Amino acid sequence: MKTLLNRSRALPLALAFALVLLAGCVVVEPSATTPTSTSPRPQSEYIDPAWTFPASPQGTPDTLPSIADVVRDVRPAVVSVMTEMVGYDLFNQAYTQEAAGSGIILDSSGYIITNNHVVEDAQEIQVELADGTTYPATIVGTDSLTDLAVIRAEATGLAYARLGESQDLEVGEWVVAIGNALGEGISASEGIVSRLDVSITVSGSTLRDLIQTTAAINPGNSGGPLVNMAGEVIGINSVKVASIGVEGMSYAIAIDGAREVIQSLVNQGYVTRPWLGVSLYNVDRFTAAINDLSVDTGALVVEVTRGGPAASAGIAKGDVIVEFNGTKVASSDDLLQGIIKSNVGDSVSITYVRGKDRLTTSAQLRESPPPWD
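Using this note's numbering, you'd call the opening residue of the sequence shown number 470 and step up by one each time.
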């Protein structure tokens, strides 16, 4: 408002100043004999007396795809996922906690992909189809590292989604997010692809190979599909940035990277990766201070699996791993990525700090064991 007032004052002053200038000038009309100081402009060689406006291009432009058609095609393959889990109040009394998410039907026999955080710790799972029919479901396998899970509904003959290829996506491409937003039933929101191959950190874990989109992904949308205008699933809705002043920053797991994880979860119930046999925690200045550590970056070992590669290499609880195969480790995620990029059976060099001593050892990575072992 202040700017508008200032501008409204300046206008009369400018006009008055212009009027003063004009009042101080005497306009004299040139006579026929008055010489001019400018030479005539030469005629342009591009003057064309025969020119006319060109005709409009023939044909009509391609019609934009209908979002309504896309939603209509994909909707039967999207389910609401309702879970019940045990929670505890301030007095440590157990109570039943309900939550809602979304899922994508993978085939007619009832395999459904969703997010790990949707079904994690669930005691009971139900899925609701587009027609309102509900079925009980059970967990087939989960993978916290990629936030993916597969559940199986006790149903057959289901409509299922068509999977696309996220590698074909381009920034600016239209996409639609479909899911059980806020637990109020299946809804759709449109947007564009904002960025590709994005990594973000959520609750201390880093999710990679994400698609950033302006399509709204709200609580309850998790596990639902992000689809292109061909109605193909190119992402699995996972997370959004919720902060004052931040809009249009939602993320989906790219389907190309998710395929291998889904296949492993259906085939064997877990994902096989190289395994060191440690539980980790990020080291920062606060962690270093309260644990009396001599370093303020690295991966703090909080648990060592008995008989695992780390235990065999002499690594113990309380050690801080600071290098892996010659590469600096500033956080637990750095170490995890180093392990994942290695192969089962590799002998790796590990430098760690114990007290004030800097030590180096080697460990042979093994295949990760099933989560139920």
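Where is the CB? At the ideal position from N, CA and C, for every residue including glycine.
Since the structure is predicted, the reported quantities are computational estimates derived from the model, not experimental observations.
Check: Does DSSP put Thr820 in a helix, in a strand, or in coil?
Finding: strand
Margin query: Just to confirm the assignment: which complete alpha helix (DSSP H) runs, minimum length 4, are found wholly within the stretch 646-688?
Written below: none
Check: Taking the alpha helix (DSSP H) that Arg827 falls in, what are its first and last residues?
Finding: Not the alpha helix (DSSP H): Arg827 falls in the beta strand (DSSP E), residues Asp826 to Gln833.
Check: Whose C-beta lies closer than 6 Å to the C-beta of Gly572 among residues of the same chain, with five residues either side of it excluded?
Finding: Val548, Val550, Ile581, Thr583 and Gly692
Item checked: Delimiting residues of the alpha helix (DSSP H) encompassing Asn585 -> Asn585 to Val588
Note to self: Taking a contact to mean a Cβ-Cβ separation below 8 Å, would you say Val539 touches Met698 in this structure?
What the structure shows: yes
Next item on the list: Would you tell me roughly how many angstroms separate the C-alpha atoms of Val817 and Asn794, rounded to the nearest one?
Entry: 6 Å
Next item on the list: Starting from the C-beta of Asp803, find all residues in its chain whose C-beta is less than 8 Å away, skip the five residues before and the five after it, and write them out in chain order.
Entry: Ala768, Phe793, Thr796 and Lys797
Margin query: Using only CA atoms, which one of Ala779, Tyr604, Gly726 and Leu805 lies nearest to Tyr750?
Written below: Leu805
Margin query: Between which two residues does the beta strand (DSSP E) holding Val702 run?
Written below: Glu701 to Lys709
Margin query: What residue range does the alpha helix (DSSP H) around Ser733 cover?
Written below: Ile724 to Gln737
Check: Secondary structure at Leu762, three-state DSSP: helix, strand or coil?
Finding: coil
Next item on the list: Pull up the distance between the alpha-carbon of Ile536 and that of Ser674, whole angstroms please.
Entry: 34 Å
Item checked: Where Phe755 sits in the DSSP three-state scheme -> helix
Checklist line | Inter-residue CB distance, Ala568 and Thr552 (contact presumed, cutoff 8 Å) | finding: 5 Å
Item checked: Under 8 Å between C-beta atoms of Val640 and Arg664 -> yes
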